[in-house]
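The next block holds one structure in the form of structure tokens; read it before the comments.
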Amino acid sequence: MDHPDNVLIRPATSTDVDGITNCVNAAYAHYVHRMGNLPGPLLDDYKGAVSERQTFVAIKRRDGVGVLVLVRLQDAMLLENVAVHPSAQERGLGGKLMALAEQESRKQGYSDIQLYTHVKMTENIAMYLKMGWTETSRRSVDGFDRVHMSKALTPTTI
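Going by my numbering, 34 is the number at position 27 of the sequence shown; the sequence numbering is gapless.
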């Protein structure tokens, strides 16, 4: 079994866009039937994400197997997307990407990180709650029924 330490996580560049898109498409494909439409991340422009947002890519054997997209808001960092290719799931990579999101948020002076997910992505909601996130609201935005969550970031000590 592969270990997440065999994966390089680095800032994404324009050369990573196809790999990021393929990773996201594979990671979210199983939600299409459940939701009855395309999940938001399948509609996103990853060329734009790489150039306009803080986007990280996880690379294993030259393939994009994970992606993290962060957006700076005024009062909090928004974790816009975290995705792990099915071939790399259940190996700790998602946890590493989530930890990186928190680390980057702290480094940039944020004390709070936020995310949203679709109400039908129940396993993600359960995972986030287990990781210490708190549900803050449920609302429909742009036709998507979303669960909004936040997590207070404690300062790290050196």
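Where a beta carbon is used, it is the ideal one built from N, C-alpha and C, also for glycine.
| query | result |
| --- | --- |
| Buried or exposed by the 16-neighbour rule on C-beta atoms within 10 Å, applied to residue 83 | buried |
| Helix, strand or coil at residue 42 according to DSSP, with G and I counted as helix | helix |
| C-beta contact flag for residue 160 and residue 94 at 8 angstroms | no |
| Identity of the residue in 102, 152, 41, 58 nearest residue 16 by Cα | 102 |
| Closest Cα partner of residue 145 within the set 55, 134, 123 | 123 |
| Residue 2 to residue 91 span [Cα, whole Å] | Missing from the structure shown is residue 2; the chain here goes from 8 to 165 and no further. |
| Validate contact between the segment 17-37 and the segment 68-85 using beta carbons, cut 8 angstroms, 3 pairs | yes |
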